[in-house]
Amino acid sequence: MENERPTEIPNEGTTPQPEEQKNSSPDPLSPPEEPIILNKLFPKVEKDLDALFPDPGMKKLLKNIVKTRQKNERFLKRINWPEIPPEED
1331 MENERPTEIP NEGTTPQPEE QKNSSPDPLS PPEEPIILNK LFPKVEKDLD ALFPDPGMKK
1391 LLKNIVKTRQ KNERFLKRIN WPEIPPEED
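Throughout, the working numbering is defined as the position within the sequence shown, counted from one, plus 1330.
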């Protein structure tokens, strides 16, 4: 008896569902996303940014840029650097 492993019997009639199909409904505890208004994120810009960038993906990207810039400014304040020094050639 060379092979003493029991043979595996496949489950007949049951197919596992992928996780994506099980969680197709959104989480009821998460708050609904507010629309991104670019004119509030960039108040100094004279043009209507919401009209220039109607794509929700682009709005989300620009919002992330603003958040990253704010995080960088807070970091620089914590390490007591007023600004990033310019690079010399």
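All C-beta atoms, glycine included, are put in the ideal place defined by N, C-alpha and C.
query	result
Taking just the CA atoms, how far does D1378 sit from N1394?	19 Å
Quick one: what's got a C-beta closer than 7 Å to V1396's C-beta in the same chain, skipping five residues either side?	L1371
Enumerate in chain order the residues of its own chain whose CB-to-CB distance from P1386 is below 8 Å, with the five nearest sequence positions on each side excluded.	I1366
Rounded to whole angstroms, what is the Cα-Cα separation between L1406 and L1391?	23 Å
So for N1410, helix, strand or coil by DSSP?	coil
Compute the Euclidean distance between the alpha carbons of E1417 and L1359, then round it to the nearest angstrom.	47 Å
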